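Last residue of the sequence shown? That's 430 in numbering that gives the first Met the number 0, and every number before it is there in order.
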Amino acid sequence: MRNYESWGRYPKATHDVLRMDWRDMALPPDSGKSMLPFGNGRSYGDCCLNDQGTLVATRGLDRFMTFDAGTGILRCEAGVLLSEVLELVVPRGWFPPVTPGTQFVTIGGAVANDVHGKNHHRAGTFGRHVNRFELLRSDGTRLQCSSTENSDWFCATVGGLGLTGLITWVELQLKAISGPLIDQESIRYGRLEEFFQLSLESDATYEYTVAWIDCAASGDSFGRGLFFRANHAPVTAATRTPRQRRLAVPFTPPFSLINGLSLRAFNELYFRRAREGNAIVHYEPYFYPLDAVGEWNRIYGPRGFLQYQCVVPPAAAEAAVTELLKRIAASGTGSFLAVLKVFADRAPAGILSFPRAGTTLALDFPNRGAATFSLLDRLDDIVAAAGGAVYPAKDARMSGVRFRQYFPHWQSMLPRIDPKFSSGFWRRVME
Ligand SMILES: Cc1cc2nc3c(=O)[nH]c(=O)nc-3n(C[C@H](O)[C@H](O)[C@H](O)COP(=O)(O)OP(=O)(O)OC[C@H]3O[C@@H](n4cnc5c(N)ncnc54)[C@H](O)[C@@H]3O)c2cc1C
0 MRNYESWGRY PKATHDVLRM DWRDMALPPD SGKSMLPFGN GRSYGDCCLN
50 DQGTLVATRG LDRFMTFDAG TGILRCEAGV LLSEVLELVV PRGWFPPVTP
100 GTQFVTIGGA VANDVHGKNH HRAGTFGRHV NRFELLRSDG TRLQCSSTEN
150 SDWFCATVGG LGLTGLITWV ELQLKAISGP LIDQESIRYG RLEEFFQLSL
200 ESDATYEYTV AWIDCAASGD SFGRGLFFRA NHAPVTAATR TPRQRRLAVP
250 FTPPFSLING LSLRAFNELY FRRAREGNAI VHYEPYFYPL DAVGEWNRIY
300 GPRGFLQYQC VVPPAAAEAA VTELLKRIAA SGTGSFLAVL KVFADRAPAG
350 ILSFPRAGTT LALDFPNRGA ATFSLLDRLD DIVAAAGGAV YPAKDARMSG
400 VRFRQYFPHW QSMLPRIDPK FSSGFWRRVM E
């Protein structure tokens, strides 16, 4: 029996589970409980949870339907994992047009959160590359949706957090590549302004840009980090490029292994030991370094953890990120996994799509109860004052007031929400 929990292992929830194994299956009959599609539980908070309700588990929808190796158009069921897509298409010279930092998401989940990757400045979000999909509503209606057919349903469902119905299959336009290798460069930077400078000069010539930031640093070290920029390597790049070895955290320790001391020590070591310069690497360690450690979410102990990912608009970015980092460093908490990236100004694919022009900061916090929630509320104050937003895929606690500020078009979603669908996230922000 698999556990239907989210990646942050907070909040806890209890569900009835219905497995969807065939795309022509009907949704469960009305039991008086609401339902919600569940992909692979790689969302951190409660957008994939439906406490006391029904989860419609989609991993059984795992079939490829059509793939044209000439055009790179792939049609597959919604429960296919991105890792399975990669296995099929990379040897044939194609790559997902946008990929999040784990390959263990379903294609349906990637659409429903309109995920983004290190190439947002070039490619926008995942939804931009979806040609069409089928949406199954609780009344049995099946809608084919694209930017020209049922386009209102398309925009509500891309980034729609599973609330408009169940996506049964998706057709995607993949991106041509010459091979599985990535040509990456790592650059150490000492101050936040250098990060912005590096982003500015790299976005035109590098397809992928992202930075790690030392969120525990203060004083002279404040704002330091590592900037990574990369392109797909030409086919001639010859090198030994191992795929990733996989380890796993075998059990949940009784308490979080991440504390202020271990975090500062780890960050110091990571910053000092990092190898600068160019390297040709396999796409797995480049895009999915965290996937090398199975169930790494256990290191935060039984109470789980919360991820906080926000975006702040360009004009306010440097000041707001500085304030956020100072607040986090002063709290003595935060995580090794702190990521900074500049998003480009691209029209959102969905009504509730999170990415927008600005700088995004993402990091994990061990769940220490009230102290953690209070810190995240203070971070919200900074983000809201800057005119930014917090990512629902990573969230387990934002208030309804904040949600409506962050997503001013939320009311356009209401007529598209399936009356039998709901989630923990949605009930919270609609309170
Ligand atoms: C290590 C790690 C790194 C990550 N990096 C990134 C990143 O770089 N960028 C980014 O954007 N995200 C990132 N994420 C978040 C992740 O990409 C998203 O949360 C993604 O949506 C998870 O997909 P899933 O299949 O696990 O879906 P779930 O988490 O199970 O569900 C996510 C949402 O999709 C809905 N849903 C799932 N399947 C369907 C369906 N068939 N029809 C309708 N709705 C459906 C659910 O109801 C829920 O609202 C990361 C997560 C992890 C754990």
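From the three backbone atoms N, C-alpha and C, an ideal C-beta is built for every residue, glycine too.
It should be emphasised that the depicted structure is a prediction, and the values quoted were computed from it without experimental measurement.
{"Query": "Whole angstroms is fine: what's the gap from G38's alpha carbon to F402's?", "Result": "23 Å"}
{"Query": "Out of curiosity, what's the CA-to-CA distance linking I381 and M24?", "Result": "46 Å"}
{"Query": "So, using beta-carbon positions, are G300 and P365 closer together than 9 Å?", "Result": "yes"}
{"Query": "Helix, strand or coil: which one does DSSP assign to M64?", "Result": "strand"}
{"Query": "What is the rounded straight-line gap between the Cα of G159 and the Cα of D61?", "Result": "21 Å"}
{"Query": "Could you have a look at K32 and say whether DSSP puts it in helix, strand or coil?", "Result": "coil"}
{"Query": "Quick one: using the 10 Å Cβ neighbour count with 16 as the cut-off for buried, is L81 buried or exposed?", "Result": "buried"}
{"Query": "Taking a contact to mean a Cβ-Cβ separation below 9 Å, would you say F94 touches Y282 in this structure?", "Result": "yes"}
{"Query": "Within this structure, are the beta carbons of A361 and V338 separated by less than 9 Å?", "Result": "yes"}
{"Query": "Say the cut is 8 Å; is the CB of P284 nearer than that to a heavy atom of ligand 1?", "Result": "no"}
{"Query": "Write down the C-beta distance between V97 and V114 rounded to the nearest angstrom, noting that I regard them as a contact closer than 8 Å.", "Result": "7 Å"}
{"Query": "From the DSSP output, in three-state form, read off M0 for me.", "Result": "Bear in mind that a pLDDT of 49 at M0, under 50, signals an unreliable position, so the model cannot answer this."}
{"Query": "Measure the C-alpha to C-alpha separation of G164 and F270 and round it to an integer number of angstroms.", "Result": "45 Å"}
{"Query": "Mapping DSSP to helix, strand and coil, what is Q243?", "Result": "coil"}
{"Query": "Within a Cβ cutoff of 8 Å, which residues of the same chain sit near E192, ignoring the five residues on either side of it in sequence?", "Result": "G222 and E317"}
{"Query": "By the three-class DSSP mapping on this structure, what secondary structure does E133 have?", "Result": "strand"}
{"Query": "Relative to the C-alpha of C46, which candidate in D417, M412 and D394 has its C-alpha closest?", "Result": "D394"}
{"Query": "Please indicate yes or no: does the CB of T13 lie closer than 8 Å to some heavy atom of ligand 3?", "Result": "No copy of ligand 3 occurs in the structure displayed; its ligands are ligand 1 alone."}
{"Query": "With burial defined as no fewer than 16 other Cβ atoms inside 10 Å of the residue's Cβ, what is the status of T124: buried or exposed?", "Result": "buried"}
{"Query": "Does any C-beta atom of chain B lie closer than 9 Å to the C-beta of V209?", "Result": "Considering every chain present, this structure includes no chain B. It has just one protein chain."}
{"Query": "So, helix, strand or coil for G164, using DSSP?", "Result": "coil"}
{"Query": "Any heavy atom of ligand 1 closer than 8 Å to the beta-carbon of V248?", "Result": "no"}
{"Query": "Under the three-state reduction of DSSP, which class applies to G154: helix, strand or coil?", "Result": "Contrary to the premise, residue 154 reads as Cys rather than Gly in this sequence. Helix."}
{"Query": "Going by DSSP, which residues form a beta bridge with F304?", "Result": "P365"}
{"Query": "Compare the beta carbon distance of L289 and T101 with 9 Å and say whether it is the shorter of the two.", "Result": "yes"}
{"Query": "For the beta strand (DSSP E) that G276 lies in, which residues bound it at each end?", "Result": "G276 to H281"}
{"Query": "Identify every run of the beta strand (DSSP E) within the segment 179-250, keeping only runs that are complete inside it and at least 3 residues long; order them along the chain.", "Result": "180-188, 207-212 and 224-231"}
{"Query": "In the DSSP assignment, the alpha helix (DSSP H) including I327 goes from what residue to what residue?", "Result": "P313 to S330"}
{"Query": "Just the Cα atoms here: how many angstroms apart are S398 and R427?", "Result": "7 Å"}
{"Query": "Identify whether A77 lies in helix, strand or coil by the three-state DSSP scheme.", "Result": "coil"}
{"Query": "I'd like to confirm something about A111: is its beta-carbon nearer than 8 Å to some heavy atom of ligand 1, or not?", "Result": "yes"}
{"Query": "Quick check: is any heavy atom of ligand 1 less than 8 Å from the C-beta of C75?", "Result": "no"}
{"Query": "If you measure from the CB of A392, is any heavy atom of ligand 1 nearer than 8 Å?", "Result": "yes"}
{"Query": "Helix, strand or coil: which one does DSSP assign to I106?", "Result": "helix"}
{"Query": "Please state the DSSP three-state secondary structure of W21.", "Result": "coil"}
{"Query": "Which value, in whole angstroms, describes the spacing of the CA atoms of F372 and H119?", "Result": "29 Å"}
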